Structure formats: C-alpha cells, structure tokens
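Colleague:
Number of protein chains: 2
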Amino acid sequence: MAGGKDTDRTRGARALRKPRAPLTIHDVARAANVSIGTVSKALNNNGTLKQTTRDRVIAVAKGLGFRPNDLAQSLHRGQTFTVGLITSDSFGRFSIPIMEGLEEELSDSRISVFMCNGADDPEREARHVDSLLKKRVDGIVVTGRRADPRRRLEVHGSNVPVLYVYSQSDEPGAFGLVPDDAGGAELAVEHLVKLGRKRIAHVTGPERFEAVRLRRDGYRKALAHHGLGEPRNGYLPGVWSEAWGREAVARLFSSARGGPDALFCGNDQIARGAADELRERGIAVPDRVSIVGFDNWEIVAEATRPSLTTIDMNLKDLGREAARRLIDMIDGKRIRGVKRLPCSIVVRDSCGATRSGRGS
Amino acid sequence: MAGGKDTDRTRGARALRKPRAPLTIHDVARAANVSIGTVSKALNNNGTLKQTTRDRVIAVAKGLGFRPNDLAQSLHRGQTFTVGLITSDSFGRFSIPIMEGLEEELSDSRISVFMCNGADDPEREARHVDSLLKKRVDGIVVTGRRADPRRRLEVHGSNVPVLYVYSQSDEPGAFGLVPDDAGGAELAVEHLVKLGRKRIAHVTGPERFEAVRLRRDGYRKALAHHGLGEPRNGYLPGVWSEAWGREAVARLFSSARGGPDALFCGNDQIARGAADELRERGIAVPDRVSIVGFDNWEIVAEATRPSLTTIDMNLKDLGREAARRLIDMIDGKRIRGVKRLPCSIVVRDSCGATRSGRGS
DNA sequence: GTGAAAGCGCTAACAA
DNA sequence: TTGTTAGCGCTTTCAC
Chain R
1 MAGGKDTDRT RGARALRKPR APLTIHDVAR AANVSIGTVS KALNNNGTLK
51 QTTRDRVIAV AKGLGFRPND LAQSLHRGQT FTVGLITSDS FGRFSIPIME
101 GLEEELSDSR ISVFMCNGAD DPEREARHVD SLLKKRVDGI VVTGRRADPR
151 RRLEVHGSNV PVLYVYSQSD EPGAFGLVPD DAGGAELAVE HLVKLGRKRI
201 AHVTGPERFE AVRLRRDGYR KALAHHGLGE PRNGYLPGVW SEAWGREAVA
251 RLFSSARGGP DALFCGNDQI ARGAADELRE RGIAVPDRVS IVGFDNWEIV
301 AEATRPSLTT IDMNLKDLGR EAARRLIDMI DGKRIRGVKR LPCSIVVRDS
351 CGATRSGRGS
Chain C
361 MAGGKDTDRT RGARALRKPR APLTIHDVAR AANVSIGTVS KALNNNGTLK
411 QTTRDRVIAV AKGLGFRPND LAQSLHRGQT FTVGLITSDS FGRFSIPIME
461 GLEEELSDSR ISVFMCNGAD DPEREARHVD SLLKKRVDGI VVTGRRADPR
511 RRLEVHGSNV PVLYVYSQSD EPGAFGLVPD DAGGAELAVE HLVKLGRKRI
561 AHVTGPERFE AVRLRRDGYR KALAHHGLGE PRNGYLPGVW SEAWGREAVA
611 RLFSSARGGP DALFCGNDQI ARGAADELRE RGIAVPDRVS IVGFDNWEIV
661 AEATRPSLTT IDMNLKDLGR EAARRLIDMI DGKRIRGVKR LPCSIVVRDS
711 CGATRSGRGS
C-alpha cells in the first residue's frame, strides 16, 4: 500500500539522522515477512494464528528488540496505564513511604506514576493537573505533608478518578485514605496501662492539626475506658519539636509531687526531647517513667536512649491500599468517604516491656 | 468524509456510557464551524489564519474546556515531554531534595516525570526501564541513596539520554552529577582553622562509601594546606550513627591529655552524637571544642545542642542542574564525565563563630 | 490463517 | 485564508 511505502521511506530518512530510532511494528512485519496485523495478533496473543507463525513473529520481534509504542496503544484503547501523584505541599518524610507503597503496588499492575509537586502553590498545582489531563492519566492521587482536609483538586469536569491519601478533600463526594490516629493513640495508652502505668500525660503538637485532636481524643477515650483520669495539666499541646518535649518534661516534673509515670508523645521528636530531658534530670526511663512516641521514625526512634516504643502509621501500607483503591476507581467502582487504616505499635525499650513485636 | 462521520457516531455512542469523555479537536471544529486544520492552526498559533477566526476558535476551545491529547501530539512529533526518574535503591532523605529540584526545573520546561523505584532489585529496575522506553520518554535520570558508582543502566540499544545524579555509572561514556565532597570537607576545615582551631579530628562513616574517602582527602588536604597535622588517632572512620559519634568522643577524650579542639563529622547524626557526649562529659561546645557536621539535615542540625554548623550538599541545586543538563542532552548535546557541584557551609552555633550566612 | 484498511486524536503539507 | 488528507504506530474488524 502507498501509505506503507511512504512510511518506510520516512523512517529510512530519519534513520540516517537519528540512529536507532525505535522500531515499529512495520519493521517487525517486514523482517518476519508477514503483515502488521499478524504481528499485532502474535504479540498480543489474540486473533487466530498458526502457532508456528505466532512463534516465529515473536522470535523475530524479540530478536530485533522491538518495543511497542505505548503512546500508540494508549491512543487506540483510551487507557494510558499512567496515573499522577500530586503532593499539595512538598515531598517529605511522610510522603516517601506512601509514594513507595503506591508506586510498588501500581507498578505491579504495570501502571506508571507521574510525580508532581504542588509546592503549596495553587497555580503550580493547577498546571500539573492540566498537564496530567492532557497526558490522559487514568487517575490522580493527591497527598500532602499532613492529613488535614484541603480544598478539592479541580479537574475541570474531567471524569478521572481522584483519590486522596494522607490528605482529605473538603468536597463531600471524595474518597480519602488516612491513618487511624485515634486508634493509634488508644494503642499507645493500652500498652502503657498494661504495663501498670496510671498517670499518663500526653505531650503533643499544635491543635490546628487534625491528627493532634484525634490522637488526643483516642488518648482520652482509652484512659476513660480503663477508669483512669487525665493527670492534672497532663495534656500539653505545643509544637512538633524536641525542644518542646524537653520543655514539657520540665513543666511536668518541676513540682515537688511526682509527676506522671508515663508520657504519650504526639511524635517521635517530642518523645526524644522528653527522653533526653528525663535522663538529664536523673529520672529513669523506663523504670520510673515510660515513653511512647508516634510515627516510628526509625532513625530517631532507634537513636533515642532508650530506643523508643512508638506508634507506626503504616504509611507504606496506606500507599499500597491507595493504589488498590485507585485501580478499583479506574475500573469504574465509585467509592467515597474517609477510610482510616489501623496503626500498629512498635515496641522498643522506652516502656520497660519485654521487647517484642516488630523490633525495627 | 466517511471516516469523520464514523468517528462522530462512535463518540456519540461512547458519550452515553462514559459521560464527559475528553473532547477532541473535531468537537471544537464542529462547535466553531471550521475544519480541524483550522483549529490546529489556531491553537498552536501557526499557519496563516484571519485573526478573528483564530480568536474565535480559541474562545470556543476554551469555552468547551478542550484539552488537546498529548498522546496524539507526542505520537506525531516523536517527543513526549516526559522523562523517567529511577532510583537504584529507594527514595530517601537525600533523594527528596534532588527530586524536588529536578521536578521543579523540568516542570518549568513542561516536562513531566515518571517516578520509578528500583528498590535495589535489578529485575524491577529493568522492568521500569522497559516501561519507560515503551512510553518513549525523552530521557532518564538515575539516582540513588549514595553517590557511589553503580553498574550502568541498561537501555538495550535505545538512544535515550541517561543522566546520573547523586550516582555514577561504571561505564566510561556516562554523565554523572555529584556533590563535591572533598570541597565540602575543605570548607569545614577552613572554617575551623579560621576560628583558631589547631587539633581537628575527623569522625566519619564507613570507608566503603566514596563520600567518606573523598571527605577524608579534603580534610587532609585542608589541614596540610594550613600546615596542620592530623591529630594522632584523629581520623576515625566508623558508621553513620549517633552512637558512633558518642563512642568516638569517648575514645578521643578518654586519655588525660586534652583531646582535639575541633571535630569535623562525616554527617549530622555523628555530629549530634558527639555533641551529646561532649555535653554529658562537661566539655563545652563550642567553647572548648567546635563541631562541624555534614548534610545540613535541618531537623537534626537545629535540634542539636548547640545547633550544628554543617556542610550543605545543595542537593536541590544538584537536582535542578541535572534537569538542565538532561534537557541539553535531549536537545542533542553530548556530555560525559563526572561533574562535582560545590557544597556550602551553614553556620549555626556549634563552632563559636558569629552566626552568619544562611541561617537555616 | 492471513492481509487490508479504518481509525485512535493530532499536525503539517498541500489544495482549493 | 481555509479545508483536505496523509501520516504518527498501533489494534481490530472484516475480507479473502
């Protein structure tokens, strides 16, 4: 056919300038001495073909190192096997495991991930969305540095599924996946109670974080459940820093009267600061005071003296689950609401319990 | 033409099942009552068109929310405006700023980034490369958790440019971009020397890291340059941990004789461990001993008491530069070798200098 | 069992 | 100044 001949000439000409331009299905067809239709059928294992032909074509294609052009395939089938990952703010400590889990699970389904950093800039984010839509991604995942609700991602009437992970949308119909902060806090308190601790204080971050409020609620619920009261001035919201952990300990243990016998800290940095301050005051951890952190930021938890027992949000699992849910959505399933995935506790040396469970 | 009519029917039918399937250029053409050629010219601002037509078509397209299909464009022009980012091992603390810089700069050039995690698994990496090649990326960036050379990325005779950042290939023709570790070490020693320190020890990580060897060389070079000797047993390779920092201090200061008056540490964790141990031994930092770290891992450097003066590898800049170089390579420039980008020093409180420079 | 050709959505060369 | 059409590389009917 005329078209085919022209194509060949074009390719021949281009080959002079660009060595090793990707092979096309035509090249394979010519080499195997069959039509392109046959090649397609052979490679995609469909249609009716004599087994020998099929094998021969496949062998030729492999021999040539033929790599079908996904763009062409996608154009045809209307599915690209790509998704976009947009971070509201930036990539950070929490994004990483989420990304890893997400990417791992998606790539198992042969789906590629576009990485887009919104950088806290709505305009930048909008440009990213635009470019994702032009690239016809099959879905979009939104994540962030914190799990609090954000304004919805504007997709301009496109029908791409959007999933929020470690992030929530303010729109009602959206689907979000976040850690169960309250449950994590309960886990921490349960652990301390089982160890016989009675006066459990809670030193945590700023209350504008939803996570802080949820963990506080979980902490209180667990205390109540065991008939324990919250120690007087035992709930200390503050900031997410070691310095605050030290300061909080200073406050809690300054009065003559004993102070708490356990600290549940809102993150591992606070816990570390607390541990340092207690040591410097000669208050034995875990003998006199137990500490539980939050985040299982391993590098911090393991460097703390003693190493920190802490709550793990299982962010990698969150990422994996996000991938699975997104695939469901791409397949047409409609899901909405906020799903909270369980945290777990990682026992190290800061509580005095027998060291067990996931040690690292 | 018959084809066009068929197309329209197909789209009509599909519209019943899939609401809001992306518009095509045909839809715009119909709405604006012009041919698709005209639409293309109007939107791409080329060809010769009456200004009024151009404006009208653009207005119609915008009104409809038309978003041209990048797949089709790419298929046509043989360039996809996408690149792949492959990590050898995993995403980590060092990858983040690199990714950010890279993504930022690339997205300014309207290039999207596929995120691929090699996860230390050659097979997985190969699958990723394969999928990138099938997606016809314009280039590939390889990065890793450490800057040491790795085996070359196998692209099976494709001619996509490959760039290594915070990573190097063992193949001779490759191009890699890494921080100037030796230079960074010199910066650290210079700083200490200027402050009048004479006995500068170096506590660092495992020598199998190229970075460790380079920093050691820079340290020695700077000492020699100032006519200073390396203190006896003053070079202590070990591991990258706080515990090692503490232990090293214990060794250095156990003997009756004074010990060093400055510590240059191979990373901020070691520096932090050292600072803690010195404080606990009642040795004043920075009054009696100065400390310089490496990495400018802000969360650690700032939490250390006193806050750490440290070397910054400027990884975000490295990422940005990688993006620019990759674009050059895509444009046909051939570059090879290893380029080392300068580090800088971030002065905080651990050396006793007037606090100045980039404070955070 | 295999080949021919229409078409995925777009661009660009050529006609009109 | 605008419209028509041949591709880009692939899949999938439909003929043969």
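Chains as they are written, first to last, in the working numbering: chain R, 1 to 360; chain C, 361 to 720. Beta carbons are placed, not taken as given, at the ideal position from N, Cα and C, and that holds for glycine. A quick note: this is a predicted structure, and the numbers were derived from the prediction, not measured.
(1) When burial is assigned at 16 or more other CB atoms within 10 Å of the CB, is His128(R) buried or exposed?
(2) Please confirm if Cys711(C) has its CB atom under 9 Å from at least one CB of chain R.
(3) Do you know how far the Cα of Asp312(R) is from the Cα of Asp349(R)?
(4) Between which two residues does the beta strand (DSSP E) containing Gly84(R) stretch?
(5) Would you give the residue range spanned by the beta strand (DSSP E) that Arg340(R) belongs to?
(6) Taking Arg56(R) as the reference, give the member of Asn33(R), Asn69(R), Gly65(R) with the closest Cα.
(7) So Ala548(C) and Arg512(C) are supposed to be a Cβ contact under 8 Å. How far apart are they, rounded?
(8) Checking contacts by CB at 9 Å: is Val563(C) closer than that to chain R?
(9) Over the uninterrupted alpha helix (DSSP H) stretch that includes His585(C), give me the two end residues.
(10) Evaluate the contact criterion for the region 224 to 240 of chain R versus the region 159 to 171 of chain R: three or more CB pairs, one atom per stretch, below 8 Å.
(11) Select from the region 111 to 127 of chain R all residues with a C-beta closer than 7 Å to any C-beta belonging to chain C, and list them in chain order.
(12) Starting from the C-beta of Val553(C), find all residues in its chain whose C-beta is less than 6 Å away, skip the five residues before and the five after it, and write them out in chain order.
(13) I want to verify the contact list: residues of chain R whose CB lies under 9 Å from the CB of Pro509(C), in sequence order.
(14) List, in chain order, every chain C residue whose beta-carbon is nearer than 9 Å to that of Asn69(R).
(15) Have a look at Gln629(C), Asp387(C), Thr440(C) and flag the residue whose alpha-carbon is nearest the alpha-carbon of Arg470(C).
(16) Closest to Ala147(R) by CA distance: which of Lys134(R), Tyr164(R), Ser131(R) is it?
(17) From this set, Ser112(R), Gln168(R), Ser107(R), Lys135(R), which residue's C-alpha is nearest Arg340(R)'s C-alpha?
(18) Can you tell me which of Pro646(C), Tyr595(C), Arg496(C) puts its alpha carbon nearest to the alpha carbon of Ile690(C)?
(19) Is it the case that the region 615 to 634 of chain C contacts the region 659 to 670 of chain C, given that we only count it when at least three CB pairs across the two stretches are under 8 Å?
(20) For chain C, find out if any of its Cβ atoms is closer than 9 Å to the Cβ of Ala182(R); answer yes or no.
(21) Any beta-carbon of chain C closer than 9 Å to the one on Ala243(R)?
(22) Gly423(C): which of Lys410(C), Thr413(C), Val388(C) sits nearest, CA to CA?
(23) I'd like the list of long-range same chain contacts for Thr82(R), defined as Cβ closer than 7 Å, with 5 residues on each side in sequence excluded.
(24) So what does DSSP say about Pro482(C), is it helix, strand or coil?
(25) Alpha carbon to alpha carbon, how far is Val538(C) from Lys581(C)?
(26) Under a three-way DSSP split, which group does Val347(R) fall into?
(27) Between the beta-carbon of Tyr526(C) and the beta-carbon of Gly544(C), is there less than 9 Å?
(28) For Arg414(C), I'd like the list of residues in its chain whose CB is within less than 6 Å of its CB, leaving aside the five on either flank, ordered along the chain.
(29) Answer yes if the region 279 to 289 of chain R comes into contact with the region 205 to 212 of chain R, meaning at least three C-beta pairs across the two stretches below 8 Å, and no otherwise.
(30) How would you write the range of the alpha helix (DSSP H) that Val417(C) sits in, first residue to last?
(31) Short check: CB of Val707(C) to CB of His551(C), under 9 Å?
(32) Can the beta-carbon of Arg199(R) be found closer than 9 Å to that of Asp261(R)?
(33) For a contact defined as C-beta to C-beta under 9 Å, what are the partners of Pro179(R) on chain C?
(34) Beta-carbon separation of Ile446(C) and Asn477(C) under 9 Å?
(35) Got a sec? Which residues, its chain only, sit under 6 Å from Leu236(R) by beta carbon, not counting five neighbours each side?
(36) Quick one: give me the first and last residue of the alpha helix (DSSP H) that Gly397(C) is part of.
Modeller: With the structure as the only source:
(1) buried
(2) no
(3) Their Cα atoms are separated by approximately 15 Å.
(4) 82 to 87
(5) 337 to 341
(6) Asn33(R)
(7) Actually they are not in contact, since the Cβ atoms of Ala548(C) and Arg512(C) sit about 33 Å apart, beyond 8 Å.
(8) Cβ-Cβ to chain R under 9 Å: no for Val563(C).
(9) 570 to 585
(10) no
(11) Ser112, Val113, Phe114, Met115, Asn117
(12) His586
(13) Chain R residues near Pro509(C): none, gap ~24 Å exceeds 9 Å.
(14) Leu435, Lys494, Lys495, Arg496
(15) Thr440(C)
(16) Tyr164(R)
(17) Arg340(R) has its Cα closest to that of Gln168(R), out of Ser112(R), Gln168(R), Ser107(R), Lys135(R).
(18) Arg496(C)
(19) yes
(20) At a cut-off of 9 Å between beta carbons, Ala182(R) makes no contact with chain C.
(21) Yes - at least one Cβ of chain C is within 9 Å of the one on Ala243(R).
(22) Val388(C) is the residue among Lys410(C), Thr413(C), Val388(C) whose C-alpha sits nearest the C-alpha of Gly423(C).
(23) Ile111, Ser112, Phe114, Lys135, Val137, Asp138
(24) helix
(25) 20 Å
(26) coil
(27) no
(28) Ala402
(29) no
(30) Here the alpha helix (DSSP H) through Val417(C) covers 411 to 424.
(31) yes
(32) The answer is yes: Cβ separation under 9 Å.
(33) Simply none; closest approach about 19 Å.
(34) yes
(35) For Leu236(R), where only same-chain residues beyond five positions count, the Cβ hits under 6 Å are Val203, Ala248.
(36) 396 to 404
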